[in-house]
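A.B. asks:
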Amino acid sequence: MPGNRKITLKNIKGRDGVHPGSRKAGQITRAHLRAAKLQKQAKTRKDLKIAKPVFRPTFFHHALSGPQPLSLPSLRALVSDVYLTRNDKRIEELEAERRPGRPKTKEHMELEENRRIEHAEWETGFEVINLTDAPTTRLMWSWLENGTDMQHSHVDLLPFIRIAKDTPDVVVVSKPGKVGNMGLGNGVEGEGEDWTSISKEDQEDEKMVA
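Quick note: the sequence shown uses the UniProt record's numbering, first residue 1, plus one each step.
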């Protein structure tokens, strides 16, 4: 990464409530590292268009802690409290480094524009892999166990849904995918990571500060 800046839990805004040695901390760090690696490779090729369709799925792929599906509230929290805030700390750093009267750097402008676009999408309908589907998470977890990097061909297999900020119970299927035809059965029983705990911890921190 530029300047060899390490991505750790400390670089993720609002993650102070997560213990650095916890499994959740490891999940967040892995997701950021893999997404950052993909973006760096794309910049090296000078072809971000190739990476963009895979960047978001890669992030959510590496946020899995097992083959079990997430609940809808957990998936929503993963979007709003982790994915959409992933660049906040870096934007704050760039703003602090900018001297008075100097224009924003290219990186600064790109990160802010990307954040604006993604938050607008969250307002109207954010497209994400359907991690509430058990066969899908079972398949994706098998890729993680085998060390398989997600490619366009993998993304094409997966079902996608749209979820929005102000409609917590509404799920719209945007791409059905092909997982249902792969004979994976009902997937693995149980429920995956509860990402809503991050939001709850943040709220408790805010109460303590107040």
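Heads up, the beta-carbon is just placed ideally off N, CA and C, and yes, glycines get one too.
1) Would you say Thr167 and Pro73 are within 8 Å of each other, going by their C-beta atoms?
2) Find the nearest neighbour of Gly177 within the set Thr58, Leu158, Asn87 and Gln151, judged by alpha-carbon distance.
3) Taking the straight line between their C-alpha atoms, what separation do you get for Arg87 and Phe55?
4) Beta-carbon within less than 6 Å of His61's beta-carbon, same chain only, minus the 5 sequence neighbours each way: which residues are those?
5) Enumerate, from N- to C-terminal direction, the unbroken alpha helix (DSSP H) stretches of 4 or more residues contained entirely within the region 116–175.
6) List the endpoints of the continuous alpha helix (DSSP H) containing Arg90.
7) At least one CB of chain B closer than 8 Å to the CB of Trp195: is that the case?
8) Please work out which residues of its chain come closer than 7 Å, Cβ to Cβ, to Leu131, disregarding the five sequence neighbours upstream and downstream, and give them in chain order.
9) If you count every other CB in all the chains shown that lies within 10 Å of the CB of Ala120, and 16 or more means buried, which is it?
10) Taking only the alpha-carbon atoms, compute the straight-line gap between Lys106 and Asn146 and give it to the nearest angstrom.
11) Contact defined as beta carbons within less than 8 Å: I believe Ala134 pairs with Gly187. What is the distance between those atoms, to the nearest angstrom?
12) Do you know offhand how far Ile161's Cα is from Val171's?
13) Below 8 Å on the Cβ atoms is my contact criterion, and I expect Gly125 with Ala164 to pass it. Report the Cβ-Cβ distance as a whole number of Å.
14) Helix, strand or coil for Lys49, going by three-state DSSP, please let me know.
15) For Gly187, which three-state DSSP category applies?
16) How long is the line joining the alpha carbons of Val179 and Thr148, rounded to whole angstroms?
17) I'd like the span of the alpha helix (DSSP H) that includes Arg102, first residue to last.
18) Exposed or buried, what is Ala96 when buried is set at 16 or more other beta-carbons lying within 10 Å of its beta-carbon?
19) In whole angstroms, give me the CA-to-CA distance for Tyr83 and Gly183.
20) What first and last residue would you give for the alpha helix (DSSP H) that runs through Ala77?
C.D. replies: Looking at the coordinates:
1) Position 167 of the sequence shown holds residue 167. Position 73 of the sequence shown holds residue 73. Contact flag unset, no.
2) As a working note, residue 177 is residue 177 in the sequence shown. The shortest Cα separation from Gly177 among Thr58, Leu158, Asn87 and Gln151 belongs to Leu158.
3) Sequence index remark: in the sequence shown, residue 87 carries index 87 (1-based). Sequence index remark: in the sequence shown, residue 55 carries index 55 (1-based). Correcting the residue type first, residue 87 is Asn in the shown sequence and not Arg. Cα-Cα distance, rounded: 14 Å.
4) In the sequence shown, the residue the question calls residue 61 occupies position 61. Answer for His61: Met140 and Met150, listed in chain order.
5) 134–145 and 152–155
6) Taking the first residue of the sequence shown as position 1, residue 90 is located at position 90. Note, Arg90: alpha helix (DSSP H), Asp88 to Glu97.
7) Among the chains in the structure shown there is no chain B, since it carries only a single protein chain.
8) Here residue 131 refers to the residue found at position 131 of the sequence shown. Once the five neighbours on either side are set aside, the close Cβ partners of Leu131 are Phe60, Pro69, Leu70, Leu75 and Thr137.
9) Numbered from its first residue, the sequence shown carries residue 120 at position 120. Counting Cβ neighbours within 10 Å, Ala120 comes out exposed, since fewer than 16 surround it.
10) Within the sequence shown, numbered from 1, the residue matching residue 106 stands at position 106. Within the sequence shown, numbered from 1, the residue matching residue 146 stands at position 146. Roughly 37 Å between the two C-alpha positions.
11) The count along the sequence shown starts at 1 and reaches residue 134 at position 134. The count along the sequence shown starts at 1 and reaches residue 187 at position 187. The Cβ separation is near 3 Å, so the contact holds.
12) What you label residue 161 is simply residue 161 of the sequence shown in a count that begins at 1. What you label residue 171 is simply residue 171 of the sequence shown in a count that begins at 1. Cα-Cα distance, rounded: 6 Å.
13) Start at 1 with the first residue of the sequence shown, and residue 125 comes out as number 125. Start at 1 with the first residue of the sequence shown, and residue 164 comes out as number 164. Their Cβ separation, rounded to whole angstroms, is 5 Å, which keeps Gly125 and Ala164 in contact under 8 Å.
14) Within the sequence shown, the letter at position 49 stands for residue 49. Unreliable placement is indicated for Lys49, whose pLDDT of 45 sits below 50; no coordinate value is reported for it.
15) Start at 1 with the first residue of the sequence shown, and residue 187 comes out as number 187. It is coil, neither helix nor strand.
16) Residue mapping note: residue 179 aligns to position 179 of the sequence shown, counting from 1. Residue mapping note: residue 148 aligns to position 148 of the sequence shown, counting from 1. Going by the C-alpha atoms only, they are around 17 Å apart.
17) For the purposes of this step, residue 102 is taken as residue 102 along the sequence shown, with counting starting at 1. Segment: none, Arg102 is in no alpha helix (DSSP H) and carries neither H nor E.
18) Stepping through the sequence shown from its first residue, residue 96 is reached at position 96. Looking at its Cβ environment, which holds fewer than 16 other Cβ atoms inside 10 Å, Ala96 is exposed.
19) If you number the sequence shown from 1, residue 83 lands on position 83. If you number the sequence shown from 1, residue 183 lands on position 183. So the alpha carbons of these two residues sit roughly 31 Å apart.
20) For this step, residue 77 is matched to residue 77 along the sequence shown. Run containing Ala77: Leu72 to Ala77, per the alpha helix (DSSP H) assignment.
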